[in-house]
Amino acid sequence: CALPIYSLSAANIYKEQKMPAITGTVTTDELTKDNDFYFRTIYTNTEQSSFLANYIKSIIGRRKVSIVYDGVEPFGTSLMKSFVETFKGLGGEIPFIWNLKDLGKSREEQFEQVIGELLEIKNEAPGIILVTLSPTKAVDFIVALRRKGFNYPIIGGDNLGGDRISELFNSYPEEQAKAGYFSHGIFAPVSFIWDFADEREQELRNKYLDKYNIEPTGSIVAYYDAAKVLVAAIEKAKVEGNPKKLAEERLLVRDSLASFNSPENSVEGLQRSFYFDEEGNASTPLSMGFFLNQKFISAFTQLFPIKDIGSVENLEEKLARGEILIVNNQYQQKTNLVDTGIDFNEITNLDEKTSSYTADFYLWFRYRGDIDASNIEFTNYSVERLDSGENLELNEPIEKEKVNGITYELYRMKADFKEQFLFSDYPFDRQKISVRFRHTNKQRNNLIYVVDVIGLQETSSQGIVNKLKESEVFSTITDWEIESADIFQDIIKDNSTLGKQQLFNTDAEQEYSRFNIVVNIKRNFFSFSIKNLLPLFFFILVSYLLLFLPFEQISVEAVSGVLLAVVFFHLSLLEALPDGVGYVVALDYAFYIIYALIILQLLIVVVGSSPKFEENTIGLHQLIRVSRVIYVVLL
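Sequential numbering from 1048 applies to the sequence shown in this note's numbering.
Now the structure itself:
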């Protein structure tokens, strides 16, 4: 179940029937309390409210929050109570709390009362307004508020995050006329945002788009991970699906889920490893997002858990400066995000010998604060041909501006890059064309490059492919076709301590955020065949036609001549591959078959020349006819 009110109702039934259940989105604390059969792969409302309180106080920098909730909704009520306790504990003020349940019978009456009170207290700012209503009710309330001219900053619970909320706003004419008229700037914490996706998560997104032709929500990833945990539990329990042992096997699955109770006993999902505490909760980090141009994107500052606090230098100083916070009994680091985009202009000089190519592209960054986002190093830069120096460095930006505290930088680059081309399927091979970079010295806990979904406009695989084709990026490389493309961020790790004393005897790794754009291309086999394999087809035809000559005219010399020609042609084709390719490629197997056919012919000549067939012409003709059939079958 995805809705708290239904999940809470069903939880007691699952408990009575001893049926294990798992959720990927329901955060209401009561769901798993005193219920050994319910599990969740997401944070609780208590954890969510603690994150919200700390984010508002320490990141947004607001001391006042007013709350709108509805007492008939379990999710909003639970979140409100936890938030009030935590925010006041941090020294925050909550001047107003409105419970719609007590403000009138109809929704319009409820909204009018809240707005009426806001009109009366114009001189007393309510601060940020926390809206913990259900999505449809929250959208209606925000519209009513904005139409009255109130532009208070708004933040919601995780049910107010994600692009589906934009669709609710789109039913209003103002939002249709101007994208983001109502939704712009609304904040909400969630478990996952697509601009943060890595390669595996983008693959899931593309498969979902291909199947359903609609953009997936972040809950797709959440339930994919929940399903992985459940399948792992079923496999571990070794259940057989026997109807006569249904009750027994349900208990086995429940026990398997409960056995995932530590990092050592966990299940690897798309986002992270999952394991449960005594109440069946798998604590997971939150990400803060906001709406911009009807898109829900990551906020420029995030809070991420620190894996090994022993590896942190000057911990007390960073706590005092607010760079590190304690949220949900975890040390969490303030992390800067950089919206990043790459648009290819042209890919040229694809060289299979060196696995390199020349890329001409625009690169841009958008970020808040002074974080030196352009101090990067390209991890797949090549100096095989176009020598741009030992390291490829960005020149001065061709455009730079700062608006409302957001810095925008645009660069144009042209250089050689490389990938590790694999030729085992040559000439049916597929290769990768990519540009990859990371920050020179800032680790991932300080800076993460995420996909600029708004600036790029198209970030799905098919969308990027269409854009590349329309721009004729590969116009000079006619032997290859674009198959798919992805743009994503991931992590590269360095296990070295770098000689730092505080890293001795810790599990800390040096992790860096890497930005990637990868284009998957496949060789045009028809074009390759026309240009390279026509002589081979000619050799095969000549070799076969030899079997139709009078036997006395088929000589060992003629067959051997064809064999030598094929050998030399084979070697000439392999010359196009890098020198280091020491494995057998698909083309080799084709030539091995042809060698076998020619050796078959040599065998026929030798056998046919034996005394046994000198006077047995009928047998000789039968031998040749059988050889013609075997030749075709083998080919």
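Note that CB positions come from ideal geometry on N, CA and C, so glycine has one too.
All values derive from a computational prediction rather than experimental measurement.
C-beta atoms of residue i and residue j nearer than 8 Å
i, j, result
"alanine 1100", "glycine 1139", "yes"
"tyrosine 1271", "leucine 1251", "yes"
"isoleucine 1394", "isoleucine 1564", "no"
"lysine 1447", "glutamate 1456", "yes"
"leucine 1339", "histidine 1231", "yes"
"alanine 1226", "threonine 1070", "no"
"phenylalanine 1134", "isoleucine 1141", "yes"
"phenylalanine 1464", "asparagine 1438", "no"
"aspartate 989", "arginine 1570", "Outside the shown range of the chain (1048 to 1682) lies residue 989, about which nothing can therefore be said."
"leucine 997", "isoleucine 1114", "Here the chain covers residues 1048 to 1682 and nothing more, so residue 997 does not appear."
"glycine 1316", "valine 1276", "yes"
"phenylalanine 1470", "leucine 1583", "no"
"serine 1345", "valine 1497", "yes"
"leucine 1137", "glycine 1204", "no"
"valine 1237", "glycine 1336", "yes"
"arginine 1109", "glycine 1151", "no"
"serine 1481", "glutamate 1505", "no"
"phenylalanine 1468", "glutamate 1399", "yes"
Enclosing beta strand (DSSP E) for residue i [first to last residue]
i, result
"alanine 1406", "1403–1415"
"glutamate 1393", "1377–1398"
"proline 1236", "1234–1237"
"arginine 1477", "1477–1486"
"asparagine 1567", "1557–1570"
"phenylalanine 1598", "Premise fails: phenylalanine 1598 is in no beta strand (DSSP E) and is neither H nor E."
"proline 1352", "1348–1352"
"leucine 1494", "1494–1498"
"arginine 1491", "Taken as a continuous stretch (DSSP letters only), arginine 1491 belongs to no beta strand (DSSP E), as it is neither H nor E."
"isoleucine 1344", "1342–1345"
"aspartate 1533", "1527–1541"
"tyrosine 1116", "1112–1116"
Close beta carbons around residue i, own chain, < 8 Å, minus the five adjacent residues each side
i, result
"phenylalanine 1197", "Ile1162 and Leu1165"
"isoleucine 1677", "Leu1647"
"phenylalanine 1323", "Phe1086, Leu1304, Ala1305, Phe1307, Asn1308 and Ala1329"
"lysine 1065", "Phe1084, Ala1294, Arg1297, Leu1298 and Arg1301"
"lysine 1283", "Ser1303 and Ser1306"
Residue i - containing alpha helix (DSSP H), residue span
i, result
"methionine 1127", "1121–1136"
"glycine 1183", "Going by the sequence as given, residue 1183 is threonine instead of glycine. Segment 1182–1194, the alpha helix (DSSP H) holding threonine 1183."
"alanine 1274", "1265–1284"
"asparagine 1253", "1246–1259"
"glutamate 1222", "1220–1224"
"leucine 1339", "From DSSP, leucine 1339 is part of no alpha helix (DSSP H) but of the beta strand (DSSP E) over 1334–1339."
"tyrosine 1458", "Tyrosine 1458 -> not in any alpha helix (DSSP H); beta strand (DSSP E) instead, spanning 1453–1465."
"lysine 1365", "1362–1368"
"asparagine 1513", "1508–1517"
"lysine 1678", "It is tyrosine, not lysine, that sits at residue 1678 in the sequence shown. Its alpha helix (DSSP H) spans residues 1664–1681."
C-alpha distance - residue i paired with residue j, whole-angstrom precision
i, j, result
"asparagine 1361", "glutamine 1379", "14 Å"
"serine 1330", "serine 1303", "18 Å"
"asparagine 1422", "valine 1430", "20 Å"
"leucine 1681", "leucine 1644", "7 Å"
"glutamate 1517", "asparagine 1567", "17 Å"
"lysine 1461", "proline 1182", "47 Å"
"arginine 1491", "serine 1334", "15 Å"
"valine 1679", "tyrosine 1639", "15 Å"
"tyrosine 1473", "lysine 1080", "58 Å"
"serine 1590", "leucine 1670", "16 Å"
"isoleucine 1445", "isoleucine 1495", "23 Å"
"alanine 1637", "leucine 1596", "25 Å"
"alanine 1068", "phenylalanine 1575", "55 Å"
"threonine 1179", "glutamine 1557", "38 Å"
"aspartate 1635", "leucine 1515", "33 Å"
"isoleucine 1371", "serine 1097", "15 Å"
"valine 1374", "proline 1352", "9 Å"
Sequence-distant residues of the same chain with beta carbon closer than 6 Å to residue i, five excluded per side
i, result
"phenylalanine 1239", "Gly1265 and Val1268"
"leucine 1147", "Asp1117 and Gln1157"
"asparagine 1082", "Ala1058 and Lys1062"
"valine 1603", "Val1652"
"leucine 1503", "Gly1388"
"aspartate 1407", "Asn1392, Glu1393 and Lys1461"
Expected contact under 8 Å - CB spacing of residue i and residue j to nearest Å
i, j, result
"phenylalanine 1521", "isoleucine 1529", "6 Å"
"isoleucine 1189", "alanine 1235", "Contact flag wrong, Cβ pair sits at about 12 Å."
"isoleucine 1501", "lysine 1342", "5 Å"
"tyrosine 1404", "leucine 1410", "Tyrosine 1404 to leucine 1410, Cβ: 17 Å. No contact."
Close beta carbons around residue i, own chain, < 7 Å, minus the five adjacent residues each side
i, result
"phenylalanine 1347", "Asn1383, Leu1384, Tyr1414 and Arg1415"
"arginine 1485", "Ile1423, Glu1424, Thr1426, Ile1539, Tyr1559, Ser1560 and Arg1561"
"aspartate 1537", "Asp1245, Glu1246, Arg1561 and Asn1563"
"threonine 1705", "Any property of residue 1705 remains undetermined from this structure, which presents the chain solely from 1048 to 1682."
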